[in-house]
Amino acid sequence: MIREDVMQWSLLLGVANFLLTWGVALYMYLSNKNKATNARIDALEAKVTASIIDHGNRLTKLEGGPTHQDLGMIHEKINEVSTEVAMLNGTVTGMNRLLTSIDEHLRRRG
């Protein structure tokens, strides 16, 4: 009877040891997996935070730039200058023709 009790206890301790070992292994696996997941989440969070800060810096820089209304005013001024240049071009062309005509007249008489 003692021998049977020892065998039963031995079997029971073997099963308990097996289950406990696998339980600890499972716990370690899940714990390490959780640590790795948390590390990846922290890395992504750092990237997103850096991206948000960078976006905020870009918006701050854009706020100091010209507005749509400012660009419209610049366009109007460029159109006015273009009109003035066209008038000057016409005047210079007319002066060129006049000087050419005077030159031809003087060459005929000369």
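Each residue of the sequence shown is one higher than the one before, counting from 1 in my numbering. In this text, a Cβ means the ideal position worked out from N, Cα and C, and glycines have one as well.
The alpha-carbon separation between L99 and H105 amounts to approximately 10 Å. Non-local beta-carbon contacts of H75 in its own chain, meaning distances under 8 Å to residues more than five positions away in sequence, are absent.
DSSP places G65 in the coil class of the three-state scheme, outside both helix and strand.
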